[in-house]
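As they're listed, the protein sequences go chains A and B. UniProt numbering puts the first sequence at residues 1 to 467. UniProt numbering puts the second sequence at residues 1 to 467. Even for Gly, the Cβ is constructed at its ideal location relative to N, Cα and C. Down below is the structure, laid out as structure tokens.
There are 2 protein chains.
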Amino acid sequence: MPHLTKQTSITRVGQVMEHIQTRIASRSLVPGARLPSIRQCAEKTGVSKSTVVDAYDRLVAEGTIVSRRGSGFFVAGHMPPLSIAQLAPKLDRAIDPFWVSRQSLSTDDSVLKPGCGWLPPDWMPHDALRRALRHLARGDDTRLTDYGTPLGSLPLRQLLGRRMGDYGIPARPEQIMLTESGTQAIDLLCRMLIEPSDTVLVDDPCYFNFQALLHAHRATIVAVPYQTDGPAMDAFEETIARHQPRLYVTNSGLHNPTGASLSPVKAHKILKICEKHRVTIIEDDIFADFETTAAPRLAAFDGLENVVHIGSFSKTLSASVRCGYIATQVNWIDKLVDLKIATSFGGGNLSSEIVLSVLRDGSYRKHMEQVRQKLARAMTDVTAKFSPLGIVPITPPAAGMFLWARLPHDMDATALAHAALRENIILAPGNVFSLSKTAGSFMRFNVAQSQDARLLDFLKAEAALQK
Amino acid sequence: MPHLTKQTSITRVGQVMEHIQTRIASRSLVPGARLPSIRQCAEKTGVSKSTVVDAYDRLVAEGTIVSRRGSGFFVAGHMPPLSIAQLAPKLDRAIDPFWVSRQSLSTDDSVLKPGCGWLPPDWMPHDALRRALRHLARGDDTRLTDYGTPLGSLPLRQLLGRRMGDYGIPARPEQIMLTESGTQAIDLLCRMLIEPSDTVLVDDPCYFNFQALLHAHRATIVAVPYQTDGPAMDAFEETIARHQPRLYVTNSGLHNPTGASLSPVKAHKILKICEKHRVTIIEDDIFADFETTAAPRLAAFDGLENVVHIGSFSKTLSASVRCGYIATQVNWIDKLVDLKIATSFGGGNLSSEIVLSVLRDGSYRKHMEQVRQKLARAMTDVTAKFSPLGIVPITPPAAGMFLWARLPHDMDATALAHAALRENIILAPGNVFSLSKTAGSFMRFNVAQSQDARLLDFLKAEAALQK
């Protein structure tokens, strides 16, 4: 098939172009910045120099970059070449919740991402996904072209119900609605449950995108310190009594970023307090399959009355196959379906069919067993390498990918993240996760992305500077 | 592979269960309603009676349905068996914009869907999609598991830019952001551009989901009569002057539901008025590839300054492969990316890779040529069959799937839709499209879904009743 080879070369040029475009979009290349030389870029991206030349030519033709005779290629725009001064806007973005996301979503493989929230590509189950795609290519026509049903694939919802049953969560298929992602699940719940200026309670620290999402809903956000076994209960009750939040959004197992898990006694107290004050709880459980021993689930104690349970497969199976879900009381499902139709006209079958097929053929279970073992080894390895530097976790996480550590000498984590970015290392400084901005000397490390020697060398050098 | 055959049988049972679940979700089976007999269901769904028995047993086990000895299976719930009285809530929903969506999203193949907004499954390019899936299964690992970049696949954005260029719309790749759907595109724009209680202008009639989406954003909706060449201009200017809307959401080519297209002179006036009153225009162009001759595009006249152009492939390629896009002024892209990350954490690569591969290998172009020819034939055929019944389009549509027709004898379209539902025919009555509810005797027919004799027989019978 001649067009395939043609396609491949188009794709290589396209990939180089996207590599540059993405660095511009993610602000790792700002207007006026000099692009890597043809040779450097060819080495970085592993393509021939002529491919890079083609890519740069097309970027010039598009007006994305400009060529200055003798001095190379520069990002289009009216700013002078990159200087430290011009890093300022980027530095400002560093404590903006979007900054880590944008940086981490860069596909630039030359960048280390200990700050990002997912596994490296080579940890993901590509063979299982390829099997699923081939299976789908042989399968029923309608799955390839039809809209999903309002709730989404029933066989998948039944399977998800059984999985939740293993945690003691009583979720019947008609209580489960599929979404495009865990994030969309929370978004739809916010659309249903909160009005602009309603108050929402989160943990401090918490997953930074909770803040971004709640800002998009114009919610007022309050936070309670999160400890090694759940929120600080006195502050929890006092804050709820004072601010009367409509929602509490949290993780019970493998809390992001701390890696801590909720204790049964705190789970029970949380439920009592939230019932008393009519606070609905959104339990975001996307890291469940990383657990080695299951933490108590609020949704299990509560029976999905006052707790909404959500999950997804973006972190475990594929972020490219978009599939999340909501399990909630049956009375809320119709409204959620209406909101899903109104705002995304429902989901497609494609992602749910792929997830279903990988869950069914056993490859998901085997994959996650391997991932849990690799993560345990990485956690031990990274902890051992960090401790001589004085980078020590608050509590050794039971499982998962996150190491939430205090930096030595009250080092400024945001400043460290800026310095790291100049070395093509993306870090996740503590205050990105902290509503009260009291985590200034904390850092969240993803141990699966922290084993490259460049990171350790960088941290050693920075630690030395502080002495 | 034994698990495959096992899977297949699981899938058949699952499909029957989903068939029933979906009819319950879409309210075509209400609590207390009697299910089709084993035999009827087996015939309807084309599976063996034993498969139906398995499916019903599992639905009973789930508590979704109950078995009453001697009298059959019934939808669980405390209401007595279905009676006309109990259709009331469903009748109420008939003028609710969600009603047609929910009904149409049913996968029940025994139901005719002349009211739905997409093509029948057997009109869709399954072979091309299968090729794309196999191509993807052979392809680069990262596409299978990575998040998309903030803007989405650059090669696809470049290709979309060239396609828009064919309409005179100057969209550079960095002005284009991929979304999960055209609906999500409008949703993100509403998040960025309107505050609760802001006013938004739509056409009367317009695509019913615009109203549903704008309600979800708590917008105040105003509408202007849509004629055969665009909005009624006096009313347009007067309404904008009085209500000062922030947005105008419309289709320029093949307007939904009327099938009309905007005239150049009205396009020019609309742009002048909207610029004067600072109204941003969202031009929803998802039906572009159904056109045989291109209507003028507001985004082309305006150069994407004040007009945002959106599109998707749900209606032309696949609704299961979720991929839409926004083309807008470059200043708005960063904000839209932030909102996309906050509310869905960006898209996956899977859908965009499939769309890219089908667009590139030429199969999309060939597919759409065939679709346009089939639609032209269907339009002629359906128009000819309807006219003896006095069902005549306001204006014979130039192309596309929609026939917007006035019913004879000022027949009540909503009542007709209720009657049709009892015959397993889903119709789209005029008032679901009409903010002013002045389209009570109009009906939108999808000619690709209107060639079944059962529809004509039903309409003949109903027309006779009115005489």
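Per-residue burial, residue i [other beta carbons within 10 Å of its own, 16 or more giving buried]
i	result
B/Val100	buried
A/Arg322	buried
A/Val265	exposed
B/Val382	buried
B/Asp457	exposed
A/Glu353	buried
B/Pro396	exposed
B/Pro388	exposed
B/Gly253	buried
B/Pro114	buried
A/Pro196	exposed
B/Ala85	Reliability fails at B/Ala85, whose pLDDT of 28 lies under 50, so the model's placement of it is uncertain and no value is given.
A/Thr292	exposed
B/Gly168	exposed
B/Lys460	exposed
B/Ser261	buried
A/Ser71	exposed
A/Ala223	buried
B/Asn446	buried
Cβ distance (whole Å) where residue i is taken to contact residue j below 8 Å
i	j	result
A/Phe402	A/Pro257	5 Å
A/Leu59	A/Leu356	Not a contact, Cβ separation roughly 41 Å.
A/Leu201	A/Pro245	4 Å
B/Phe210	B/Val249	5 Å
B/Pro408	B/Ala463	6 Å
A/Cys274	A/Asn251	Their Cβ separation, rounded to whole angstroms, is 15 Å, which puts A/Cys274 and A/Asn251 out of contact at 8 Å.
A/Ala232	A/Pro225	5 Å
A/Ser320	B/Leu350	5 Å
Collapsed DSSP secondary structure at residue i in the structure displayed
i	result
A/Thr414	helix
B/Ser28	coil
B/Pro296	coil
B/Leu82	Its pLDDT being 26, under 50, B/Leu82 is placed unreliably by the model, and nothing is read from it.
A/Asn424	coil
B/Ala88	Summary for B/Ala88: the model assigns pLDDT 30, below 50, so the residue's position carries little reliability; its value from the coordinates is reported in the next sentence. Three-state DSSP puts B/Ala88 in a helix.
B/Gln211	helix
B/Trp99	helix
B/Asp457	helix
B/Gln449	helix
A/Ala288	helix
A/Glu195	coil
A/Gly303	coil
residue 492 of chain A	Absent from the structure is residue 492 of chain A, since the part of chain A shown begins at 1 and ends at 467.
A/Ser153	coil
B/Arg246	coil
B/Ala167	Here the sequence assigns Tyr to residue 167 of chain B, which means Ala is not the residue at that position. In the structure shown, B/Tyr167 sits in coil (DSSP, three-state: anything other than H, G, I, E or B).
B/His217	coil
Proximal chain A residues relative to residue i, where beta-carbon distance stays under 9 Å
i	result
B/Gln370	Neighbours of B/Gln370 on chain A: none; closest Cβ ~15 Å, over 9 Å.
B/Gln21	Thr149, Leu151, Leu154, Arg157, Pro173, Glu174
B/Asp187	Ala342, Thr343, Ser344
Below-8 Å beta-carbon distance, residue i vs any chain C residue
i	result
B/Ala61	Going by chain labels, chain C is absent from the structure shown, which instead holds the protein chains A and B.
Interface residues of chain B facing residue i [CB-CB closer than 8 Å]
i	result
A/Pro121	Asp141, Thr142, Thr145, Asp146
A/Gly134	What sits at residue 134 of chain A in the sequence shown is Arg, not Gly. The answer, in chain order, is Leu133, Arg134, Ala137.
Within chain A, partners of residue i - CB distance below 8 Å
i	result
B/Glu18	Thr149, Ser153, Leu154, Pro155
B/Ile270	Going along chain A, no residue has its Cβ under 8 Å from B/Ile270, so there is no contact; the nearest lies around 26 Å.
B/Glu305	Neighbours of B/Glu305 on chain A: none; closest Cβ ~17 Å, over 8 Å.
Within chain B, partners of residue i - CB distance below 9 Å
i	result
residue 468 of chain A	Absent from the structure is residue 468 of chain A, since the part of chain A shown begins at 1 and ends at 467.
Per-residue contacts from residue i into chain A (C-beta, under 7 Å)
i	result
B/Asp338	Phe98
B/Met164	Under the 7 Å cutoff, chain A gives no residues; its nearest Cβ is about 14 Å from B/Met164.
B/Ser67	Under the 7 Å cutoff, chain A gives no residues; its nearest Cβ is about 18 Å from B/Ser67.
*Counting Cβ pairs, one atom from each stretch, are 3 or more of them under 8 Å apart for the segment 365-379 of chain B and the segment 164-184 of chain B?*
no
_Three or more C-beta pairs under 8 Å: does that hold for the segment 267-277 of chain A against the segment 127-137 of chain A?_
no
*Within the chosen definition, does the segment 315-333 of chain B reach the segment 295-304 of chain A through at least 3 CB pairs nearer than 8 Å?*
no
*At least three beta-carbon pairs within less than 8 Å, the segment 8-24 of chain B to the segment 46-57 of chain B*: yes
*Take every Cβ of the segment 138-154 of chain B, pair it with every Cβ of the segment 332-347 of chain B, and state whether three or more of those distances are shorter than 8 Å.*
yes
*Is there contact between the segment 413-431 of chain B and the segment 183-195 of chain B, where contact requires at least three CB pairs shorter than 8 Å?*
no
*Between the segment 209-225 of chain A and the segment 183-191 of chain A, do at least 3 Cβ pairs fall closer than 8 Å?*
yes
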